[in-house]
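Okay, so here's the structure we're looking at.
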Amino acid sequence: MAEILFYVLSAIALASAAGVVLAKSPMMSVLSLLGSFFCLAVIYLLAGFQFLAAAQILVYAGAILVLFLFVIMLLNLGDMGAVAERSNALLEGTAAKLGAVLALGIGIVGLVAASRAAFRPVEVEPGKGLDDLNALALQLFGRYSLPFEAASILLLSTMVAVIALAKRQRKTDRGGGKA
Amino acid sequence: MNVPSEHLLVLAAGLFAIGVLGFLIRRNVIIVLMCIELMLNAANLTFLAASRQHSTAQVVNLDGAVFSIFVILVAACEAAVGLALIIALFRLKQTVESDALSEMKG
């Protein structure tokens, strides 16, 4: 049962990912990406990573995609982006790019096939996932405490960078007159 | 779920390939950023597959899970800075098409 669900969700995730690339308007791209992320969250849950499934929905669907939607609505790209993209030479040099991507994909699949013997499924007992929160916290604050602190510095510097970008922009707007 | 970890890897490879394809053929910078998110998600799935493959019923290996938490964090930072840059770019150029950005002859 869970296996069938996994394959169905994989197909939906891949189809939505293709929708991100093929959609005419950026809004539809964001919604396709949302579908893909939700399918991936359920796949994480099926694979036994309960905390990461929750983090996927909270951080990706809850924060990052809302940020994308904000920007698309703020810049009013709903229709304009679609028109500009269509008039563009979208398929210029696509054959070479498609070939490169196909070669990459075939290479990765070959790599997987070559190491096939090493892989085996792991059974997760129901009700208890692989990423038990206690164990995860022990790893994060024990063995990985230095990357954890580095992550906090990264978050702080991101915050400062975004504020600096936004603030400088506002100052030039005031000087140059509002469009 | 009794699916071999290699199937998770094949799904991750497919998502990553779609992300690379979108990164190469789309001109809209916002969609390019979304394709980067897609690729980061594929990397996440690979980490989780590795974590699952190296776990047994007795010993659980969480290294991959911890790394995917860091990947999610980096993705969030990247989206915030990237979108701030896109807004700055839009105010400067009134467009988000990457073809309009040719000052550096890229």
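One line per chain: the protein sequences are Z and Y, in this order.
For what it's worth, the working numbering labels the leading residue of the first sequence as 30, then goes sequentially.
For what it's worth, the working numbering labels the leading residue of the second sequence as -19, then goes sequentially.
Virtual Cβ for every residue (Gly too), placed ideally from N, Cα, C.
Values in this document were obtained by computation on a predicted structure and should not be read as measured data.
Counting only beta-carbon atoms, is residue i nearer than 8 Å to chain Z?
i, result
"Y/E83", "no"
"Y/I16", "no"
"Y/A23", "no"
"Y/A64", "yes"
"Y/M(-19)", "yes"
"Y/V(-10)", "yes"
"Y/V51", "no"
"Y/S89", "As shown, chain Y starts at -19 and ends at 86. That puts residue 89 of chain Y outside it, with no answer to give."
"Y/S78", "no"
"Y/V0", "yes"
"Y/A30", "no"
"Y/V12", "no"
"Y/V87", "As shown, chain Y starts at -19 and ends at 86. That puts residue 87 of chain Y outside it, with no answer to give."
Are residue i and residue j touching if we call contact CB-CB under 8 Å?
i, j, result
"Y/I10", "Z/L106", "yes"
"Z/Y89", "Z/A82", "no"
"Z/F80", "Y/V(-17)", "no"
"Y/S(-15)", "Y/N24", "no"
"Y/M19", "Z/A76", "no"
"Y/G(-1)", "Y/A29", "no"
"Y/S111", "Y/D43", "The requested residue 111 of chain Y is not part of the displayed model; chain Y covers only -19 to 86."
"Y/E77", "Y/N8", "yes"
"Z/L131", "Y/L(-5)", "no"
"Y/V40", "Z/A166", "no"
"Y/E17", "Z/I93", "yes"
"Y/A64", "Z/L194", "yes"
"Z/T123", "Y/I5", "yes"
"Z/T187", "Y/V61", "yes"
"Z/G134", "Y/A(-3)", "yes"
"Z/S45", "Z/C68", "yes"
"Y/T26", "Y/L(-11)", "yes"
"Z/G64", "Z/I41", "yes"
"Z/I101", "Z/M30", "no"
Count the other CB atoms, across all protein chains shown, that sit within 10 Å of the CB of residue i; report buried if there are 16 or more and exposed otherwise.
i, result
"Z/G205", "Note that Z/G205 has pLDDT 48, beneath the 50 cutoff, so the model's placement of it is unreliable and no number is given."
"Z/G110", "In this prediction, Z/G110 has a pLDDT of 49, which is less than 50 and means its spatial position is unreliable; nothing more can be read from the coordinates."
"Y/A(-8)", "buried"
"Y/Q74", "exposed"
"Z/D160", "buried"
"Z/A129", "exposed"
"Y/Q38", "exposed"
If you measure from the beta carbon of residue i to each beta carbon in chain Y, is any gap under 8 Å?
i, result
"Z/R115", "Model confidence at Z/R115 stands at a pLDDT of 49, short of 50, so the residue's coordinates are unreliable; what they give is reported in the following sentence. So, not an interface residue."
"Z/L162", "no"
"Z/A82", "no"
"Z/V37", "no"
"Z/L75", "yes"
"Z/K126", "yes"
"Z/G134", "yes"
"Z/V49", "yes"
So residue i and residue j are in contact, right, with Cβ under 8 Å, and what is the actual spacing, rounded?
i, j, result
"Y/M14", "Z/L62", "5 Å"
"Z/S58", "Z/V49", "5 Å"
"Z/L169", "Y/V54", "Between Y/V54 and Z/L169 the Cβ distance is about 15 Å, and since that is not below 8 Å, they are no contact."
"Y/F50", "Z/A70", "Wrong, their Cβ atoms sit about 18 Å apart, outside the cutoff."
"Z/L104", "Y/F70", "5 Å"
"Z/F209", "Z/G158", "Residue 209 of chain Z cannot be examined here, being either before or after the span of chain Z that is shown, 30 to 208."
Return the bridge partner residues of residue i from the DSSP annotation.
i, result
"Y/N8", "Y/E77"
With a threshold of 7 Å, establish whether the CB of residue i neighbours any heavy atom of the ligand SAM.
i, result
"Y/C57", "Here there are no bound small molecules, and the ligand SAM is not part of this structure."
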